[in-house]
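Residue numbers (this note's numbering), protein chains in the order written: chain S, 1 to 159; chain R, 1001 to 1159; chain X, 2001 to 2159.
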């Protein structure tokens, strides 16, 4: 029996288009029977936030970060040609027209395909994000968890 | 006989400097006898556009994307210090002074060294880019083609 | 005796948060006994600049680049939410509050853990940076040095 191939992605970026690329590659690799992990760190953690506000206790600075950062994939903006959100609207429209899957569905699909979604606990601590605010059924870990996953991998990307 | 080493790069970015980095690494790896593939997706697809406008039929949204995005490597701008194009002019000047190869030549060199240039068909579809608008002698493929190339590779990068 | 695992990072970005991510991963991998190399190219070279100005002879364009680019890690700004430097101050404050290591210390720690820091000589040439302006005890090399390090590696990232 041959060993499973492995793909590990660090999602650092909080941009809609970059997160899309990460999840498209993750879903593609999973479809080709890879064991796939996405390690969400820094702004990439926003992809795992629940859309609705969750009441948790926070310090002032953590509250500010919480307010300034997008809540979930649907609120993220483009890395290029954002034009105050217009670019993102256009991309979504054009995606709909061409039957491309929008980001929230790509995340769902990844979960269905057993892609392992890890939230970086160091970033959670820094930005004051708590488990209640993030999607259910995800994993938690630090850089050690990442290195452990990535060092045996075939494809390793930083997005 | 030893197997050839393999380098696979996803070029997602449409920035002049990042595309330069991608093509410098690609040419370097090819010179050291790697089998090299650059998979152009999202804004990175602009690196493969022909400089002159090619008459093709498009919808309105696709026309807008076509107009807003740079046509070919020479029109791309810097990821940092762009200052309305001034930074890019400075970089080009300084590159000329130091005999560094500008991006369009780096792409040519890659083609001469048999670097496989793949255009992401999903992005072409989304942004309404057609084969006639892209460089000749390139390949076309989706995420499956990418995973197939990258999973056997030694170096795999997302730029 | 088993071979050492290897992690190779290209640090292209000059953003504070991205450089932090690079150095956190590098230190983490080194702690797990990887042989780690960070290849600093383009704006990433700024992470290796000494904080104080070093008197060296330069052409006009090189002087301009020298002035416009941040001198050392402490002067870098965030990739997102920079708000004219406010975001970076907030991040530093929140890092202090949570006892996270700021970037200059992460670089020191990397040097103590024998992470190999390479400055890209092609970029030094282009931007007019000279050895005297960069940290002591680093290595110098071009794309060949990078490919040589990365092709035998387990984890390879472009940040």
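Built from N, CA and C at the ideal position, the CB exists for glycine as well.
Residue burial is scored here from C-beta neighbours: residue 1060 of chain R has fewer than 16 other C-beta atoms within 10 angstroms and is therefore classed as exposed. Residue 2140 of chain X: member of the beta strand (DSSP E) spanning 2139-2141, first to last residue.
Within the same chain, and ignoring the five residues on either side of residue 152 of chain S in sequence, the residues whose Cβ sits closer than 7 Å to its Cβ are 6.
Between the stretch 2137-2147 of chain X and the stretch 2064-2071 of chain X, the count of Cβ pairs shorter than 8 Å is below three; the stretches do not touch. Using a C-beta cut-off of 8 Å, the stretch 1085-1099 of chain R makes no contact with the stretch 97-117 of chain S, since fewer than three inter-stretch Cβ pairs fall below that distance. Listed along chain R, no residue sits closer than 8 Å to residue 117 of chain S by beta-carbon distance, the nearest being about 18 Å off. Residue 69 of chain S is positioned such that its CB atom lies no closer than 8 Å to that of residue 2100 of chain X.
Going by beta carbons, residue 130 of chain S and residue 56 of chain S fall inside the 8 Å limit. Close to residue 2041 of chain X, with beta-carbon spacing below 8 Å, are these residues of chain R in chain order: 1021.
Closest in C-alpha terms to residue 134 of chain S, from the list S/94, S/46, S/8 and S/28, comes S/46. With contacts defined by Cβ atoms closer than 8 Å, residue 95 of chain S and residue 1126 of chain R form a contacting pair. In the same chain as residue 150 of chain S, and ignoring 5 residues on each side of it, the C-beta atoms closer than 7 Å to its own belong to 8 and 156, in chain order. Neighbours of residue 156 of chain S in chain R, taken as residues at a C-beta separation under 7 Å, are given in chain order as 1156. Around the Cβ of residue 52 of chain S, a 10 Å sphere holds fewer than 16 other Cβ atoms; the residue is exposed. Taking 8 Å as the Cβ-Cβ cut-off, the stretch 2083-2110 of chain X approaches chain S at 2090, 2091, 2093, 2094, 2095, 2097, 2098 and 2100, given in chain order. In the DSSP annotation of this structure, residue 2116 of chain X is not part of any alpha helix (DSSP H); the continuous beta strand (DSSP E) holding it starts and ends at 2116-2120. For residue 2080 of chain X, there is no enclosing beta strand (DSSP E), as DSSP gives it neither H nor E. Counting along the chain, the unbroken alpha helix (DSSP H) around residue 67 of chain S starts and ends at 60-68. The straight-line gap separating the alpha-carbon atoms of residue 39 of chain S and residue 2137 of chain X is approximately 32 Å. Interface residue (Cβ-Cβ distance to chain X less than 8 Å): residue 122 of chain S is classified as such. Listed in chain order, the non-local C-beta contacts of residue 2042 of chain X below 7 Å within the same chain comprise 2012 and 2123, local neighbours out to five positions each way being set aside. Here the C-alpha atom of residue 2093 of chain X lies approximately 28 Å from the C-alpha atom of residue 117 of chain S.
At least 8 Å separates the CB of residue 33 of chain S from every CB of chain X. With the criterion set as a beta carbon lying under 9 Å from some beta carbon of chain S, the members of the stretch 1131-1157 of chain R are 1142, 1143, 1144, 1146, 1147, 1148, 1150, 1151, 1152, 1153, 1156 and 1157, in sequence order. Per DSSP, residue 2025 of chain X is one residue of the alpha helix (DSSP H) stretching across 2016-2031. Going by C-alpha positions, residue 1027 of chain R is about 21 Å away from residue 1079 of chain R. At the C-beta level, residue 21 of chain S and residue 159 of chain S come within 8 Å of one another. For the 8 Å CB-CB criterion, residue 1016 of chain R and residue 1107 of chain R do not form a contact. Only exposed fits residue 1050 of chain R, as fewer than 16 other CB atoms lie within 10 angstroms of its CB. DSSP, reduced to helix, strand and coil, places residue 1094 of chain R within a helical segment of the structure shown.
The C-alpha of residue 44 of chain S lies about 26 Å from the C-alpha of residue 1154 of chain R.
Residues of the stretch 1060-1081 of chain R with a Cβ closer than 8 Å to any Cβ of chain S, in chain order: 1061, 1062, 1064, 1065, 1068 and 1069. Secondary structure at residue 1057 of chain R: coil, using DSSP grouped into helix, strand and coil.
Listed along chain X are 2147, each with a C-beta nearer than 7 Å to that of residue 1029 of chain R. Chain S has a Cβ within less than 8 Å of the Cβ of residue 2159 of chain X.
The straight-line gap separating the alpha-carbon atoms of residue 147 of chain S and residue 2035 of chain X is approximately 13 Å.
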